[in-house]
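Structure record follows, encoded as structure tokens.
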Amino acid sequence: MRASVTQAPAKPNRGYGRWTPLWFLAPSVITLLLIGIYPTLFALVTSFRRYNITRPREGFPFIGFDNYVGVLTDSTFWSSLFLTAKFYVTVLPIQIVLGLAIALLLHKPGMGLLKSLARVTLVVPLATTYAVVGLIGRLIFNLDFGVANQLFEAIGIGRIDWLSSQTGAFAAIAVMDIWQWTPFCALIFLAGLSMVPGEIEEAARLETSSKLALLRYVQLPYLLPGLTAVMILRSADVLKLFDMVFVMTRGGPGSATDLISIYIQRVGFRIFDLGTASAQAILLLIITIIISRLYIRLFYREVH
Amino acid sequence: MRRTSGKLFHALGLTAVIVFSLFPFYWMVAASFKTQPDILASPPVWFFTPTLQNYADIFADAKVSGAIVNSLIVATSSTVLAVALGAPAAFALARYEFRGKSDLWFWFISNRMISPIVLALPVYLLAIQVGLLDTHLVLILIYLTFNLPIVVWICTDQFKSIPADLEQAARLDGADQFTIFRKIYLPLGAPGIAVSAIFSFIFSWNELLYALVLTRRNVQTAPVVATSFMSGYELPWGKIMATGTVIVLPVTIFALIVSRHMVRGLTMGATK
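From first to last, the protein sequence lines are chains A and B. Numbering-wise (this note's numbering), the first sequence opens with residue 920 and increments by one. Numbering-wise (this note's numbering), the second sequence opens with residue 65 and increments by one.
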């Protein structure tokens, strides 16, 4: 400090140079290079190798695009991607409809205390550790002492062997996903609804008594950005869905719940074919990058 | 007449929302206070004499308490690191224009989307090579891949809302950028920094895949241990649910604190 007092005019722009941002950015950028980019490049290199660590004697030779050809002609890989897509189109409409219903309930005037309570409890599913959601799912959907079967017997459908049947297991993980992520949709839609200017909404309420007309012509335009965000984010979330399903079903029975992240994990860490698993991971990464590009293009105009 | 029934439906609907959100959570907590015969009763019992035995069991179990300590070490360290690295980056992103800024954004936001399995494979191989497998450090570092973006995003947003006049005044007083960051942005941005820290703690605490793949015996985190109970013939359901409750409770409390920012945190601020 004393030095800068004696020769103050020498460096009038201390801390305002062209490179100043670099000093602030460098630590995090270097870290992300080391822990994000370097491993990704390593995965890319591995994906061009035969890399089975249970057979180290064969070495890890480069085999060109063989792993990719293997993955793209592997019917299990495709059916697992297809299953992931099926899961997405099963849970998302339900989450959107339920989420919208909840958002409308929370937006409706009146019932102050009950409403705040409901709004706060919505956070509970979102914060619950995904693996624990799986544990709860195993308890609720147990054949003998699960509360789901108690409900099904009470309404006269009878017991269902949820976790050991193909459709049952798929339905069970879908229910747990719907429980956990419907609040996410609800909170996003609620944010959208509260963007509708009060005077417009009130004028519309005087004009029409139809709630549907109000929703369609007044509120919908404000809901659309949230809806788009939900659709994109949930697609990325389903592609990375692992914890809850792994705990509940490990991808089974058979391949009934073998979503893409579960399948890649099994190829990599049960079969230890890391070459093939890396190729699958790189393909998954490419899909994800397309999704994020879309998301950024739609939602971060200030970036461009 | 119509108004009263409307009110009734509103109240019923809101009650249904509360039951929907809390029921699975309640069912877990209830099971954690049940004896094994009560849990295995078919059909399940709704009213029972609660017992604290399951909690006594898990706190006596060195595996569970050790796992909770591991989770605390990993989640806290990763959060502290994420804030230490991310807050300065957020300052630069909020206050400067520079080339490559949009690429950096893209990178931070993409990290929200990428499946952990993509990084788990190479990081596993690299960790073996450098002897980091089954250490706290490898989890702390890998958790930065999702903590750093969340800190950078939330803090940038917060820093942008700090009026530029304050900075102008400080500049006239001869403060350099580092002083401005430390004396103006850190204190005024504290709420945002706190929210982002809570988010990174929640995400680290909840993570399973990396922890499953990158740890063995020494540094298993709480979700890994809870999951490991799920094998064998007769499952210790009471212990499992007590462990689940102990894992979920702290993050639920944190989440309630940041509930107003939940949407922002989960969408990376796409919807306000």
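We put the CB at the ideal spot given by N, CA and C, even for glycine.
Boundaries (first-last residue) of the alpha helix (DSSP H) holding residue i
| i | result |
| --- | --- |
| Glu1126 (chain A) | Gly1117 to Glu1126 |
| His200 (chain B) | His200 to Lys224 |
| Phe1071 (chain A) | Val1066 to Ala1073 |
| Leu104 (chain B) | Gln100 to Leu104 |
| Leu1045 (chain A) | Val1042 to Ala1046 |
| Gly1077 (chain A) | Run containing Gly1077 (chain A): none; DSSP gives neither H nor E here. |
| Ser947 (chain A) | Thr939 to Leu951 |
| Lys1027 (chain A) | Per DSSP, Lys1027 (chain A) belongs to no alpha helix (DSSP H) and is neither H nor E. |
| Thr331 (chain B) | Met326 to Thr331 |
When the options are compared against residue i, the one with the closest alpha-carbon
| i | options | result |
| --- | --- | --- |
| Ile949 (chain A) | B:Ile137, B:Ile122 and B:Ala146 | B:Ala146 |
| Ile1215 (chain A) | B:Asn175, B:His325 and B:Ala233 | B:Asn175 |
| Ala1022 (chain A) | A:Ala1073, A:Ile1107, A:Phe1006 and A:Thr1040 | A:Ile1107 |
| Leu1032 (chain A) | B:Leu212, B:Ala290, B:Ile103 and B:Thr79 | B:Thr79 |
| Leu185 (chain B) | A:Ser1211, A:Thr1195 and A:Tyr1219 | A:Thr1195 |
| Val133 (chain B) | B:Ile173, B:Trp269 and B:Ser264 | B:Trp269 |
| Ser1154 (chain A) | A:Ser1197, A:Pro1102, A:Ile1208 and A:Ala1198 | A:Ile1208 |
| Ser142 (chain B) | B:Phe97, B:Gln193, B:Val215 and B:Val93 | B:Val215 |
| Val1066 (chain A) | B:Asp121, B:Arg67 and B:Pro108 | B:Pro108 |
| Met1095 (chain A) | A:Pro1116, A:Phe1071 and A:Phe1060 | A:Phe1060 |
| Leu278 (chain B) | B:Trp217, B:Val187 and B:Val194 | B:Val187 |
| Pro251 (chain B) | B:Phe267, B:Ile181 and B:Cys219 | B:Cys219 |
| Leu276 (chain B) | B:Leu76, B:Ala290 and B:Phe265 | B:Ala290 |
| Tyr160 (chain B) | B:Ser69, B:Lys224 and B:Phe123 | B:Lys224 |
| Val81 (chain B) | A:Tyr1007, A:Pro1044, A:Arg976 and A:Gly955 | A:Pro1044 |
| Gly1171 (chain A) | A:Gly1075, A:Ala1088, A:Arg976 and A:Thr965 | A:Ala1088 |
| Thr995 (chain A) | A:Leu1217, A:Asn1068 and A:Arg1185 | A:Arg1185 |
| Asn971 (chain A) | A:Asn986, A:Gln1069, A:Met1030 and A:Tyr1049 | A:Asn986 |
| Phe155 (chain B) | B:Trp91, B:Ser260, B:Ala139 and B:Asp221 | B:Asp221 |
| Ser295 (chain B) | A:Trp1081, A:Leu1134 and A:Met1167 | A:Met1167 |
| Leu157 (chain B) | B:Thr99, B:Leu201, B:Thr140 and B:Trp217 | B:Trp217 |
Exposed unless 16 or more other CB atoms sit within 10 angstroms - verdict on residue i
| i | result |
| --- | --- |
| Ala1132 (chain A) | exposed |
| Ser1035 (chain A) | exposed |
| Glu271 (chain B) | buried |
| Ala1073 (chain A) | exposed |
| Asp1063 (chain A) | exposed |
| Asp1177 (chain A) | buried |
| Thr939 (chain A) | buried |
| Asn282 (chain B) | exposed |
| Ser106 (chain B) | exposed |
| Ala1175 (chain A) | buried |
| Val83 (chain B) | exposed |
| Gln1085 (chain A) | exposed |
| Gln193 (chain B) | exposed |
| Trp169 (chain B) | buried |
| Leu189 (chain B) | buried |
C-alpha gap between residue i and residue j, whole angstroms
| i | j | result |
| --- | --- | --- |
| Ala286 (chain B) | Ile137 (chain B) | 11 Å |
| Asp198 (chain B) | Asp125 (chain B) | 20 Å |
| Pro980 (chain A) | Leu1054 (chain A) | 41 Å |
| Ile304 (chain B) | Gln232 (chain B) | 57 Å |
| Val1137 (chain A) | Ser1128 (chain A) | 13 Å |
| Leu149 (chain B) | Gln284 (chain B) | 26 Å |
| Glu1120 (chain A) | Leu1142 (chain A) | 14 Å |
| Gly164 (chain B) | Gly308 (chain B) | 44 Å |
| Thr1147 (chain A) | Leu1213 (chain A) | 10 Å |
| Gly253 (chain B) | Phe263 (chain B) | 16 Å |
| Val312 (chain B) | Phe1161 (chain A) | 18 Å |
| Ala153 (chain B) | Ala945 (chain A) | 8 Å |
| Pro905 (chain A) | Leu1019 (chain A) | There is simply no residue 905 (chain A) to check, as chain A begins at 920 and stops at 1223 in what is shown. |
| Arg968 (chain A) | Ile982 (chain A) | 5 Å |
| Ile1181 (chain A) | Pro227 (chain B) | 47 Å |
| Arg372 (chain B) | Ile181 (chain B) | This structure does not reach residue 372 (chain B), given that chain B is present from 65 up to 336, and the question cannot be answered. |
| Asn932 (chain A) | Gly1111 (chain A) | Residue placement at Asn932 (chain A) is poorly supported in this model, since its pLDDT is 49, which falls under 50; the coordinates are not used for a value here. |
| Gly238 (chain B) | Leu952 (chain A) | 35 Å |
| Ile257 (chain B) | Ala191 (chain B) | 31 Å |
| Thr1003 (chain A) | Ser966 (chain A) | 22 Å |
| Val1164 (chain A) | Leu1058 (chain A) | 14 Å |
| Val1222 (chain A) | Thr973 (chain A) | With a pLDDT of 46 at Val1222 (chain A), under the threshold of 50, the predicted position of this residue should be treated as unreliable, and no value is reported. |
| Leu299 (chain B) | Thr331 (chain B) | 37 Å |
| Ile1092 (chain A) | Val964 (chain A) | 35 Å |
| Phe89 (chain B) | Trp301 (chain B) | 15 Å |
Chain D within 7 Å of residue i, Cβ atoms only
| i | result |
| --- | --- |
| Ala1037 (chain A) | Among the protein chains of the structure shown, namely A and B, there is no chain D. |
Jot down the residue ranges of each uninterrupted beta strand (DSSP E) in the stretch 1173 to 1217 of chain A, minimum 3 residues, whole runs only, in chain order.
If we require 3 residues or more, the stretch 1173 to 1217 of chain A turns out to have no beta strand (DSSP E) run fully inside it.
What are the start and end residues of each continuous beta strand (DSSP E) run of 3 or more residues lying completely inside the stretch 979 to 1008 of chain A, in chain order?
The stretch 979 to 1008 of chain A contains no whole beta strand (DSSP E) run of 3 or more residues.
Taking the runs of the alpha helix (DSSP H) that are 4 residues or longer, which of them lie wholly in the stretch 219 to 259 of chain B?
Taking only runs of at least 4 residues, the alpha helix (DSSP H) segments lying wholly in the stretch 219 to 259 of chain B are 228 to 236 and 241 to 244.
Please list the segments of the alpha helix (DSSP H) lying wholly inside the stretch 156 to 199 of chain B, counting only runs of 4 or more residues, in order along the chain.
Segments of the alpha helix (DSSP H) lying fully in the stretch 156 to 199 of chain B: 165 to 174 and 180 to 194.
Which ranges does the alpha helix (DSSP H) cover as unbroken runs of at least 4 residues, wholly within the stretch 1144 to 1174 of chain A, from first to last along the chain?
Listed in chain order, the complete alpha helix (DSSP H) runs (minimum 4 residues) inside the stretch 1144 to 1174 of chain A are 1162 to 1168.
Runs of alpha helix (DSSP H) lying entirely within the stretch 257 to 300 of chain B, each at least 4 residues, in chain order
Taking 4 residues as the shortest admissible run, the stretch 257 to 300 of chain B contains the following complete alpha helix (DSSP H) segments, listed from N- to C-terminal end: 273 to 278 and 286 to 292.
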